[in-house]
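Novice: Before we start, here is the structure in question, set down as structure tokens.
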């Protein structure tokens with residue numbers, strides 16, 4: 002079988018490293034370890050219940066509540082174990098943090114420690130596993146402080162509380178009909194498809210670009226009664242179609258897997274909204290800032306899109322806790338800016354939408 006002329010992930014990283022002649026190679030090794038973890042998770046996801054049954058022979062997995070108060074599925078636990086074990090030994094990480102762990106993960110004493118912090122959601126959209134819909138992994142790479150590097154001390158929660166602008170790299174893996182790795186190291190966004198024959202991620206999308214305008218939006222409409230007025234206004238205008246103020250028809254999408262939503266937007270544009278709402282005043286949003294919103298925001302910005310709280314750029318938010326929740330809007334630049342503008346304007350009278358108005362199609 003002839004070798005493909007496409008770049009492998011390894012070659013892509015080597016080419017990127019040449020921009021920094023003094024680089025040690027630790028960063029490349031870290032990304033390759035992350036990629037290996039994603040390959041292993043892709044395999045576990047592909048086996049589905051067959052793989053879970055084999056893994057549970059040594060004891061039950063899942064069923065516990067994580068720090069978010071969410072019930073862990075077996076593949077959540079397996080994916081978290083894969084990420085930590087694949088990245089704890091190489092000497093590139095000073096520590097890790099995950100959606101599935103209460104606090105920072107310390108590098109075991111028998112392994113060397115490095116200068117990077119790795120944060121991740123090991124299996125985004127795991128509620129879709131039972132219905133065989135695409136899921137993924139999301140990760141972000143930060144630099145550890147010089148104090149951590151010099152002293153070799155255990156990392157604390159405060160070490161991870163860096164705004165998204167300080168990310169060194171971010172990416173996600175998508176486990177769908179094909180397995181893909183989408184990565185930004187600060188020089189645009191590249192997409193790699195896993196070649197099952199070679200077991201290598203091959204460069205198939207050299208430079209993703211998010212179209213500035215869109216005719217698709219993604220939002221969970223079941224939460225409409227909790228939306229703030231600017232979000233209601235935006236959705237109502239989209240639903241009004243060509244006869245409304247936007248002058249064009251929109252399609253609505255909702256997969257309930259942010260990785261899948263982000264990938265669709267990278268491929269053909271659109272806007273994703275999981276905004277702050279009035280449902281629970283103690284939670285200003287549903288998505289986690291450090292290992293969901295920031296990495297996806299970094300990717301969108303690098304691809305020419307925009308990511309926001311609905312009011313301000315998401316990457317400028319200074320985290321206050323490891324598992325901080327936040328509202329998130331991302332996608333085509335002009336659409337996100339429109340939503341930001343609606344938040345900045347005084348509240349106007351809501352449109353009479355047949356779907357979301359008080360007397361809607363769903364009321365007697």
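Numbering (this note's numbering), first residue to last: 2 to 365.
Each residue gets a CB set at the ideal place from its N, CA and C atoms; glycine is no exception.
Since we're looking at a predicted model, the values are computed, not measured.
Can you list, in chain order, the residues of its chain with a C-beta nearer than 6 Å to that of residue 163? Leave out the 5 residues immediately preceding and following it.
Specialist: Cβ within range, chain order: 143.
Novice: To the nearest whole angstrom, what separates the beta carbons of residue 236 and residue 256, a pair I think is in contact under 8 Å?
Specialist: Incorrect: roughly 17 Å between the Cβ atoms, too far for contact.
Novice: Leaving out the 5 sequence neighbours to the left and right, which residues in its chain are closer than 6 Å to residue 275 when beta-carbon positions are compared?
Specialist: Excluding positions up to five away in sequence, the list reads 287, 288 and 329.
Novice: Roughly how many whole angstroms lie between the Cα atoms of residue 200 and residue 47?
Specialist: Going from the Cα of residue 200 to the Cα of residue 47 covers about 15 Å.
Novice: Have a look at residue 300 and residue 262 and give me their C-alpha separation to the nearest angstrom.
Specialist: Distance between the alpha carbons of residue 300 and residue 262 is about 13 Å.
Novice: Which residues mark the beginning and the end of the beta strand (DSSP E) in which residue 206 is found?
Specialist: Looking at the DSSP string, the run of the beta strand (DSSP E) that includes residue 206 is 201-206.
Novice: Going along the chain, which residues of its own chain have a beta-carbon closer than 7 Å to the beta-carbon of residue 216, five neighbours each way excluded?
Specialist: Same-chain partners within the cutoff: 249, 250, 251 and 252.
Novice: Can residue 12 and residue 204 be called in contact, C-beta distance under 9 Å?
Specialist: Going by C-beta atoms, residue 12 is nearer than 9 Å to residue 204.
Novice: Among the residues of its own chain, which have a CB less than 6 Å from the CB of residue 277, if the five just before and after it don't count?
Specialist: Excluding sequence neighbours, residue 277 sits near 285, 286 and 328.
Novice: Suppose you measure from the CA of residue 335 to the CA of residue 218; what does that come to, to the nearest Å?
Specialist: Distance between the alpha carbons of residue 335 and residue 218: 13 Å.
Novice: Just to confirm, is the Cβ distance from residue 209 to residue 189 under 9 Å?
Specialist: Their beta carbons are under 9 Å apart, which means residue 209 touches residue 189 by this criterion.
Novice: For residue 288, write down the residues that DSSP places opposite it in a beta bridge.
Specialist: DSSP lists 327 as partners of residue 288.
Novice: Mind listing, in chain order, the continuous beta strand (DSSP E) runs of no fewer than 3 residues lying wholly within the stretch 217-242?
Specialist: Taking only runs of at least 3 residues, the beta strand (DSSP E) segments lying wholly in the stretch 217-242 are 217-219.
Novice: Could you give the DSSP three-state label for residue 273: helix, strand or coil?
Specialist: Correct three-state label for residue 273: strand.
Novice: Comparing C-alpha positions only, which one of 337, 345 and 319 sits nearest to residue 159?
Specialist: Answer by Cα proximity: 319.
Novice: From this set, 306, 165, 195 and 179, which residue's C-alpha is nearest residue 272's C-alpha?
Specialist: For the residues 306, 165, 195 and 179, the minimum Cα distance to residue 272 belongs to 306.
Novice: Quick check on the DSSP output: the alpha helix (DSSP H) that includes residue 298 runs from which residue to which?
Specialist: Per DSSP, residue 298 belongs to the alpha helix (DSSP H) from 295-303.
Novice: Would you identify the three-state DSSP class for residue 97, choosing helix, strand or coil?
Specialist: Residue 97: strand per DSSP, three-state reduction.
Novice: Beta carbon of residue 118, beta carbon of residue 81: below 9 Å?
Specialist: No.
Novice: At 3 residues or longer, and completely inside the stretch 148-206: list those beta strand (DSSP E) runs for me, N to C.
Specialist: Within the stretch 148-206, the complete beta strand (DSSP E) runs of at least 3 residues are 170-176, 180-185, 191-196 and 201-206.
Novice: Beta-carbon separation of residue 116 and residue 95 under 9 Å?
Specialist: Yes, the pair counts as a contact, with Cβ atoms nearer than the cut-off.
Novice: Closest by CA to residue 113, which one among 133, 90 and 121?
Specialist: The shortest C-alpha separation from residue 113 is found at 90.
Novice: For residue 314, which of 302, 321 and 325 has the nearest alpha-carbon?
Specialist: Of the candidates 302, 321 and 325, the one whose C-alpha sits nearest the C-alpha of residue 314 is 302.
Novice: Determine the direct distance from the alpha carbon of residue 29 to that of residue 170, and round the result to whole angstroms.
Specialist: Straight-line Cα distance between these residues: approximately 11 Å.
Novice: In whole angstroms, what separates the C-alpha of residue 298 from that of residue 137?
Specialist: Each residue's alpha carbon lies about 16 Å from the other.
Novice: Using DSSP with H/G/I as helix, E/B as strand and the rest coil, what is residue 363?
Specialist: In this prediction, residue 363 scores a pLDDT of 40, lower than 50, which makes its location untrustworthy; no coordinate-derived value is stated.
Novice: CA-CA distance, residue 310 and residue 102?
Specialist: For residue 310 and residue 102, the distance between alpha carbons rounds to 25 Å.
Novice: Need the endpoints of the beta strand (DSSP E) that residue 308 sits in, please.
Specialist: Taken as a continuous stretch (DSSP letters only), the beta strand (DSSP E) holding residue 308 covers 307-309.
Novice: Just to confirm, are residue 145 and residue 121 a CB contact at a threshold of 9 Å?
Specialist: Contact flag unset, no.
Novice: Have a look at residue 223 and residue 211 and give me their C-alpha separation to the nearest angstrom.
Specialist: The alpha-carbon atoms of residue 223 and residue 211 are separated by roughly 27 Å.
Novice: Using DSSP with H/G/I as helix, E/B as strand and the rest coil, what is residue 75?
Specialist: Correct three-state label for residue 75: helix.
Novice: Just how far apart, CA to CA, sit residue 194 and residue 346?
Specialist: About 43 Å.
Novice: Quickly, what does DSSP pair residue 9 with across the bridge? List them, please.
Specialist: Answer is 203.
Novice: Whole angstroms is fine: what's the gap from residue 27's alpha carbon to residue 18's?
Specialist: Looking at the two C-alpha atoms, the distance is approximately 10 Å.
Novice: Can you tell me whether residue 51 is buried or exposed? The criterion is at least 16 other CB atoms within 10 Å of its CB, across all chains shown.
Specialist: So residue 51 counts as exposed.
Novice: Would you give the residue range spanned by the beta strand (DSSP E) that residue 139 belongs to?
Specialist: 136-144 is the span of the beta strand (DSSP E), which, as asked, contains residue 139.
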